[in-house]
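**Student:** Residue numbers (our numbering): 33 to 339. The structure follows.
Next comes the structure, spelled out in structure tokens:
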């Protein structure tokens, strides 16, 4: 401790520090600059490569541009992240060697540590394996709308360990890939909106089906909405008998993510067409029989009255 207060000690420290700075500091600066340049080059190269792939996808008549864009963005994000991890790891190793720390024992112990982590972090390994196969099999992409373990939302980010969803309320849900038991992709390749339309029992079923078909055809010919409809409407027919209505089922196939907009527009146009043709859309009602000789008394009960 007494040596700390001696001028000779501090002169030696300053000399050693000056020697280290003259010998090692330029190398550290060069390594840091090289890392910064490499990261910029990698980002620029991946962006250019992604643009090339997107350009090819746009001009490929056999592939869907939207689907290709989702897949390219997902894969490029994973590749970019992996390259950054490799470069940063190399930078840290070279930096440690500049400070006089022997890197060889660290690398040797990394194998033993990795084995120990493999046994202790089986869940983490499972997440990475599940994420790898999720990307390999193209199960879901960024920009898809999916339901994961019963929670639906827009896929914002896919990593090898986790997948991030944002629901309509803006809430972000993060799932570990290894714990995903059910995954339903609602926007893969194409989507569809299913319409179940209830009309009064007195209406002619064929007439109602014809009106539904005409409204669907008009929607497909529309300049704004028609480009999102990929097939003519499919009116499947009478689906079931409800208490107060007969239900007719139809389906419209659309481009991914467009099924909800098309469904809302179709229902609006269908309501106007029913009004023009005097087709009744019933509300719940009940028939009450008073006595044996009297005619049945029909009471119509609206939803507001029920509440």
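We put the CB at the ideal spot given by N, CA and C, even for glycine.
Here's the rule: buried if 16 or more other CB atoms are within 10 angstroms of the residue's CB, otherwise exposed. What is residue 288?
**Tutor:** Buried, since its Cβ has 16 or more Cβ neighbours within 10 Å.
**Student:** Classify residue 186 as helix, strand or coil using the three-state DSSP reduction.
**Tutor:** Here residue 186 sits in strand by DSSP.
**Student:** Assuming contact is defined by CB atoms lying nearer than 8 Å, are residue 224 and residue 179 in contact in what I supplied?
**Tutor:** Against a cut-off of 8 Å, the Cβ pair of residue 179 and residue 224 comes out as no contact.
**Student:** On the DSSP letters alone, give me the boundaries of the beta strand (DSSP E) that residue 273 sits inside.
**Tutor:** Counting along the chain, the beta strand (DSSP E) containing residue 273 begins and ends at 266 to 273.
**Student:** Quick check on DSSP: helix, strand or coil for residue 218?
**Tutor:** Note: residue 218 maps to coil in three-state DSSP.
**Student:** By the 10 Å Cβ neighbour count, where 16 or more other Cβ atoms means buried, how is residue 273 classified, buried or exposed?
**Tutor:** Exposed, by the Cβ-count rule.
**Student:** Who pairs with residue 49 in a beta bridge, going by DSSP?
**Tutor:** For residue 49, which the question treats as bridged, DSSP gives no partner whatsoever.
**Student:** Whose CA, out of 227, 87, 120, 193, lies closest to the CA of residue 101?
**Tutor:** It is 87.
**Student:** Would you call the CB atoms of residue 277 and residue 230 closer than 8 Å?
**Tutor:** A contact, by the Cβ cut-off of 8 Å.
**Student:** Count Cβ pairs between the region 240 to 249 and the region 260 to 272 that sit closer than 8 Å; are there 3 or more?
**Tutor:** Touching, per the Cβ criterion.
**Student:** Can you check which of these residues, 208, 213, 301, 260, is closest to residue 247 by C-alpha distance?
**Tutor:** The residue with the shortest Cα to Cα distance from residue 247 is 301.
**Student:** Determine, using beta-carbon pairs with one atom in the region 179 to 189 and one in the region 199 to 210, whether at least three such pairs fall under 8 Å.
**Tutor:** Yes, since at least three Cβ pairs between the region 179 to 189 and the region 199 to 210 fall closer than 8 Å, the two stretches touch.
**Student:** Skipping 5 residues on each side, what residues in its chain have a beta carbon closer than 8 Å to that of residue 299?
**Tutor:** Excluding residues within five positions, the ones whose Cβ falls inside 8 Å are 227.
**Student:** Just reading off the alpha helix (DSSP H) that residue 305 is part of, what are its end residues?
**Tutor:** 291 to 308 is the extent of the alpha helix (DSSP H) around residue 305.
**Student:** Are the CB atoms of residue 85 and residue 63 within a distance shorter than 8 Å?
**Tutor:** No, these two residues do not count as a Cβ contact at 8 Å.
**Student:** Taking all protein chains shown into account, decide if residue 311 is buried (16 or more other Cβ within 10 angstroms of its Cβ) or exposed.
**Tutor:** Classification of residue 311: buried, given that the 10 Å Cβ count is 16 or more.
**Student:** List the endpoints of the continuous alpha helix (DSSP H) containing residue 211.
**Tutor:** No alpha helix (DSSP H) holds residue 211; DSSP gives it neither H nor E.
**Student:** What residue range is occupied by the uninterrupted alpha helix (DSSP H) comprising residue 59?
**Tutor:** First-last of the alpha helix (DSSP H) with residue 59: 57 to 91.
**Student:** At which residues does the alpha helix (DSSP H) containing residue 192 begin and terminate?
**Tutor:** Careful: residue 192 lies outside any alpha helix (DSSP H) and carries neither H nor E.
**Student:** Just checking residue 258 against the ligand ADP - is the residue's beta carbon closer than 7 Å to any of the ligand's heavy atoms?
**Tutor:** In the structure shown, the ligand ADP is absent, as is every other ligand, since no ligand is present at all.
**Student:** For residue 193, which residues of its own chain have a beta-carbon under 8 Å away from its beta-carbon, when the five flanking residues on both sides are left out?
**Tutor:** 156, 159, 160, 163, 208, 209.
**Student:** Anyone know if the C-beta pair for residue 128 and residue 67 falls short of 8 Å?
**Tutor:** Result no, Cβ atoms of residue 128 and residue 67 do not sit closer than 8 Å.
**Student:** Can you tell me whether residue 176 is buried or exposed? The criterion is at least 16 other CB atoms within 10 Å of its CB, across all chains shown.
**Tutor:** When all chains shown are included, residue 176 counts as buried.
**Student:** From residue 78 to residue 212, what does the alpha carbon distance come to, in whole angstroms?
**Tutor:** Roughly 30 Å separates the two Cα atoms.
**Student:** Applying the 10 Å Cβ sphere with the 16-neighbour rule, what's the burial state of residue 235?
**Tutor:** Answer is buried; the Cβ neighbour count reaches 16.
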